[in-house]
Amino acid sequence: MTTKDHTPVLKVENLQTSFFTYDGEVKAVDGVDFEVRENETLGIVGESGSGKSITSLSVMQLIQSPGEIIGGKIELNGDDLLQKSKAQFAKYRGNRLSMIFQEPMTSLNPVFTVGHQVAETVKIHKKMGKREAHQEVIRMLKLVGIPAPESRAKSYPHELSGGMRQRVMIAMALACEPELLIADEPTTALDVTIQAQILELIKRLQESTGMAVMIITHDLGVIAETADQVAVMYAGEVVEQADVKTLFNRPLHPYTQGLMNSIPRHDVDVDELEVIRGTVPSPAEMPSGCRFAQRCPYASEICNTHPSLAAPSNNIDGHTDAGAVRCWIYTDEWDAEGNPMKNEEVQQGS
Amino acid sequence: MGSTVNQSPEREEFAKPESRFKSLLKRMIRNKSSLIGACILIFFLLIAAFAPFLMTHDPNSTDVLNDFQGPSSENWFGTDHNGRDIFSRIIYGTHLTLYVGTVSVAVGAVFGIVLGLLAGYYGRILDSIIMRVADVLLAFPGILLALAIVSALGPSLNNVIIALAIYNIPVFARITRGSVLEVKDVEYIQAVRALGAKDAKILFQHLLPNVSSPIIVQASLQVATSILSAAGLSFLGLGVQPPTPEWGAMLNSGRSYMWDNPHLTLFPGIALVLVVLGFNMLGDGLRDALDPRSKK
Amino acid sequence: MHIFIIRRLLQLIPVIIGVTLVAFLIIQLIPGDAAQVMAGEAASEEQLEQVRENLGLNEPLYVQYGLFLADLAQFDLGESVRTGQPVMELVAPRFWITLELAFWGLVVAVSVGLFLGILAANKQNSFRDFGTMAAAVIGLSMPNFWLGLMLMYVFANQLGWLPTSGWGDWQQIFLPAITMGTAGAAIIARMTRSAMLEVIGEDYVRTARAKGVKERFVIYKHALRNALIPVVTVIGLQFGYFLSGAVLTESVFSINGLGRLVVDAIAQRDFPVVQGTVIVLALTFVFVNFVVDVLYRVLNKRIELN
């Protein structure tokens, strides 16, 4: 990546978000680090319950009680976001960083016209007057590819299709040219053909504005199509981080490998898709060691100790630009503990 | 919340009656509103039951020389315009209030539930007729229907009960019918039907227990409303007649002397508020405890 | 929409007929000789016959009801057996007083209820929420006539701020309006709270926050607009209950509205007046419910996802 030396647009360090329920504290996000650069797309992938959505909501500070960000640092172009007051941060939301959601069906307010809802953003952040805002709305709706924007602006959300509504959401999110766009499962609720259009649209808009994009998804197909960098999340942690090519060519973490094996591929002929055994451990019985150990085919004694996210130094077959992985296999301790492992075995997924 | 929260709705719905009752009791205790409501009601039930031992004076003995006394150690709540002890009259009146409220609701509920079950289960013309009649009765807002009925029948305790029972019938018919429509087509009921059970058996043995939750909640709230209505009718002089120490009637006779002797209206009113509060809180609490959606 | 209104209007027909039938049957419920009851113990045989003649009590029941309906269709509610005045003349001026009273009661109920409901929902499970909801259940449990008496004692008698009774001056509005509106305010507060809590969890509220809308506007603009839709129904129902609540409130504050009229008529066994008042109140209630239904439908139309 050529942008590597720039300061990142978004820098998240040791983010911790917990939910305080009757059954005790649930650490939904537990020490997550990542960066997103200008013009770059970070894909965060994981199963439901992995904490990926909570991570994105934490960045937007949209975590509702009983949830709370209890630690870490979130910087937007060097600006420490968690230090801002509520009112200060409200000025950033929808302006410097904005977000689109999974459910375009329910994410727009049913009692206001879509034009009104898009206009609201520019009125708040750009202090535009009514007429000016209206012009801007039309321009934005046109930009996101909504036909007949003049009349569509007067429509209520229920009069639009899911794809159109997601375009409205995008228009709303991008109206103030944010530095960062967070898209939480932006295409999950849409038809396949519409999915591609929406992803294409986001990509096109990114190219013209240079914004950083964070895409949260459970769908590796979406990652492959859009992301430059990928973070794989599992049980509240990032378990592997790499650029998209490296990740797809050589997934390191056994969980990532499992994810890859569970998607159908057209270049390889398989009779049966593998699935990852078991389920994500519930917060109450979260193991103190590696959180994937219970489901991991390679788990061994050492996995009872919690591994850290680090550049692999072992068992990687000469790859150096491999990002980071949270697995003992790729540490020197693995062999030292008497767990010799052939590379082919580890990397059977690639 | 604890383990009952996580029970699946199926288990909840079709569990055995005893365990349903037990789990209801457990949830009631956990729910503060219903617990407080139940405590208030038990308090008044005890007062009603032990009234003869609690009364410090004969509630009906007049003492003209001792009228309009303020609260004192002798007459805790003071005396009224006839020198009667207000405390004892309130104690004595407790059972009347509870009686009017519960009996009118019980009678109304029995008719209403049966009609609601029939309407919901058989549907079609029977449903239309029953529900149109209910619509008509519910078109009379608040106590208007009871007022009209009592006006014709004449003022008396029993007529108030009859009027309020009629007023309660459509309320229960509607709520029962709605619940029946919800559970009528679940597999369990269909299975019983397929096994050739008689309609009466299906209605009362299988449907009724499954629609009982909203009915219980409504009953509690409806007792509160009925007590208020009965007191209102008495206040208008259309209910229980003086000198019977019914709270509404006490308020009616006390209002004439209120300027100088507010205690005549203050204490019966407070008693009334507390009893109604008890039923309302019990009903609210039961609704929260029984409603799976509100158990967040 | 038009089809909905027409269908809903057609549904009103059996209800209206039913209401008139029930009101008509009131006289049949009178135990013993209705004419005797109305004319009084001391009435002579001629007087009784006169009453029977006037009310058509000698005709078969269905003929009586037919005549009753025919009169009603011409806005004729019969005559008072006491004064011989047309019931319509007695009802019409008092109807406006009661309507006015119900309106002010509704103003209190809606403004206080919405305010408290939003206040409580804003800080769910806080002391404020708990306090507001406790006040609401107490307000709901208070007999309004007793509340009226207490308000009257404190504000008119002890403090002397407001007149004790009557209707006409603006000062005379406060106490009856509060008396009428308290229970309604409690119900609306509870309803608003639960509707707000439901709406606050919606995706579009999160979207509003994500846009940078100030929290105040998130609540009062985005959430409240949606929460109000179910509350409208409750408000409509409340208006109906105020019509019957007026019976007690008017009695407490000596307001010469329909409530007083019906209570006095009952005391004088003047059943045509009772019937007429009951019909007017019930039909007004039916009409208000119809309007609310249509209004709800209009408000809700946008929300329905197809």
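Chains as they are written, first to last, in our numbering: chain W, 11 to 360; chain L, 2 to 297; chain R, 279 to 584. Every residue gets a Cβ at the ideal spot worked out from N, C-alpha and C, and that includes glycine.
CA-to-CA distance, residue j to residue i, given in whole angstroms
i        : j        : result
PHE438/R : VAL566/R : Going by the sequence as given, residue 438/R is Gly instead of Phe. Their backbone Cα atoms lie some 37 angstroms apart in a straight line.
ASN253/L : PRO167/W : 57 angstroms
THR527/R : LEU339/R : 36 angstroms
GLU146/W : ALA129/W : 7 angstroms
VAL111/L : ARG90/L  : 32 angstroms
LEU36/L  : ILE30/L  : 5 angstroms
VAL248/W : GLY173/W : 31 angstroms
THR504/R : MET179/W : Inspection of the sequence shows that residue 504/R is occupied by Asn rather than by Thr. Looking at the two C-alpha atoms, the distance is approximately 19 angstroms.
ASN332/R : GLY318/R : 16 angstroms
GLY125/W : SER165/W : 8 angstroms
THR511/R : ASN314/W : 59 angstroms
LYS492/R : MET270/W : 42 angstroms
ASP89/W  : THR17/W  : 11 angstroms
ALA501/R : ASN578/R : 15 angstroms
GLU169/W : GLN98/W  : 35 angstroms
Beta carbon proximity, residue i to chain L, threshold 8 angstroms
i        : result
ILE305/R : yes
VAL228/R : Any property of residue 228/R remains undetermined from this structure, which presents chain R solely from 279 to 584.
TRP424/R : yes
VAL572/R : no
PHE563/R : yes
ASN435/R : yes
SER404/R : no
GLN477/R : Inspection of the sequence shows that residue 477/R is occupied by Val rather than by Gln. No, no contact with chain L.
SER529/R : yes
Any chain W beta carbon closer than 8 angstroms to residue i
i        : result
VAL504/R : The amino acid at residue 504/R is misidentified as Val; the sequence shows Asn. True, the Cβ-Cβ gap to chain W drops below 8 angstroms.
ALA488/R : yes
GLU480/R : yes
ARG484/R : yes
VAL491/R : yes
Proximity test, Cβ basis, 8 angstroms: residue i and chain R
i        : result
PRO76/W  : no
TYR32/W  : no
THR266/L : yes
PHE45/L  : no
LYS101/W : yes
LEU10/W  : Here chain W has residues from 11 to 360 only, and residue 10/W is not among them.
VAL137/L : yes
VAL274/L : yes
HIS135/W : yes
Rounded Cβ spacing between residue i and residue j (contact assumed at less than 8 angstroms)
i        : j        : result
ALA380/R : LEU521/R : 6 angstroms
ILE170/L : VAL104/L : Actually they are not in contact, since the Cβ atoms of ILE170/L and VAL104/L sit about 14 angstroms apart, beyond 8 angstroms.
GLY395/R : GLY459/R : At roughly 14 angstroms, the Cβ-Cβ gap does not stay under 8 angstroms, so GLY395/R and GLY459/R are not in contact.
ALA39/L  : LEU275/L : 13 angstroms between Cβ atoms; not a contact.
ALA241/W : VAL290/W : Incorrect: roughly 17 angstroms between the Cβ atoms, too far for contact.
GLY462/R : GLN516/R : 4 angstroms
THR63/L  : ASN83/L  : 4 angstroms
ASP253/W : GLN267/W : Contact doesn't hold; Cβ gap of about 17 angstroms is too wide.
Which runs of the alpha helix (DSSP H) fall wholly inside the region 405-451 of chain R and span at least 4 residues, in chain order? 405-419, 422-429
Between the region 216-224 of chain W and the region 113-120 of chain W, do at least 3 Cβ pairs fall closer than 8 angstroms? no
Would the region 20-35 of chain W count as touching the region 81-93 of chain W if we require 3 or more Cβ pairs under 8 angstroms? yes
Any chance you could list the beta strand (DSSP E) runs of at least 3 consecutive residues sitting entirely within the region 169-244 of chain W, in chain order? 190-194, 222-227, 239-244
Does the region 499-513 of chain R touch the region 460-473 of chain R, meaning 3 or more C-beta pairs lie closer than 8 angstroms? yes
Would you call the region 210-219 of chain W and the region 29-48 of chain W in contact, with 3 or more CB pairs under 8 angstroms? no
Can you confirm whether the region 129-138 of chain L touches the region 200-215 of chain L when touching is taken to mean that 3 or more C-beta pairs between the two stretches lie within less than 8 angstroms? no
Would you check if the region 237-244 of chain L and the region 153-162 of chain L touch, i.e. whether three or more CB-CB distances between them fall below 8 angstroms? yes
Tell me whether the region 424-443 of chain R and the region 398-405 of chain R touch, counting them as touching only if at least three CB pairs, one residue from each stretch, are closer than 8 angstroms. no
Between the region 533-546 of chain R and the region 252-266 of chain L, do at least 3 Cβ pairs fall closer than 8 angstroms? no
Validate contact between the region 175-187 of chain L and the region 210-224 of chain L using beta carbons, cut 8 angstroms, 3 pairs: yes
Validate contact between the region 471-486 of chain R and the region 544-562 of chain R using beta carbons, cut 8 angstroms, 3 pairs: no
Can we say the region 225-237 of chain L touches the region 58-73 of chain L, given the rule of at least three CB pairs closer than 8 angstroms? no
Suppose only complete runs of 3+ residues qualify. What are the beta strand (DSSP E) ranges in the region 71-142 of chain W, listed by chain order? 77-86, 107-110
With contact counted as at least three CB pairs below 8 angstroms, one residue from each stretch, are the region 128-142 of chain W and the region 182-191 of chain W in contact? yes
In chain order, each alpha helix (DSSP H) run of at least 4 residues that lies wholly inside the region 83-142 of chain L: 87-123, 125-139
Could you say if the region 546-556 of chain R and the region 356-371 of chain R meet the contact criterion of at least three C-beta pairs nearer than 8 angstroms? yes
Start-end ranges of the alpha helix (DSSP H) lying completely within the region 197-263 of chain L, minimum 4 residues: 213-236, 248-256
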